[in-house]
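Structure first, commentary second.
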Amino acid sequence: MTRAWHRIVRPSRPGASVGLPKGIFAALRRQPPPIRVAPILLESASLTSDVVFQRLQSRLKGLSTSEAEARLSEHGPNMPPLIDARVSAVTRQVAREDP
65 MTRAWHRIVR
75 PSRPGASVGL
85 PKGIFAALRR
95 QPPPIRVAPI
105 LLESASLTSD
115 VVFQRLQSRL
125 KGLSTSEAEA
135 RLSEHGPNMP
145 PLIDARVSAV
155 TRQVAREDP
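Using this note's numbering, the first residue of the sequence shown is number 65, and each one after it goes up by one.
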């Protein structure tokens with residue numbers, strides 16, 4: 065069984081061209097944006113957990129409430145910058161569902 069996307073389309077007369085969908089070449093050139101990763105994350109991936117906790121000034125049980133409040137006031141909320149309205153809407157929805 066021959067599928068349509070496997071068939072070679074030939075013009076019906078010599079010199080005629082085959083029409084392609086608009087934007088097909090732009091879609092082929094379009095590349096997904098590169099993934100940006102913080103250098104500390106790349107470095108931490110190769111370290112032991114003890115060294116990572118030491119560098120982040122944390123521990124396995126996490127921060128105490130006072131340590132978390134101090135970091136919040138110093139660094140702000142732990143949220144990435146919002147890229148567009150769709151991301152913002154998803155973030156708001158997830159925040160509402162979080163217990």
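Beta carbons: idealized from backbone N, C-alpha and C, even for Gly.
Remember, predicted model here, so these are calculated numbers, not experimental data.
State the DSSP-derived secondary structure class of residue i, mapped to helix, strand or coil.
| i | result |
| --- | --- |
| Leu-106 | helix |
| Ser-130 | helix |
| Ile-99 | coil |
| Arg-94 | coil |
| Ser-122 | coil |
| Leu-111 | coil |
Please report the distance separating the alpha-carbon of residue i from that of residue j.
| i | j | result |
| --- | --- | --- |
| Leu-105 | Leu-127 | 19 Å |
| Pro-141 | Arg-135 | 9 Å |
| Ser-110 | Lys-86 | 46 Å |
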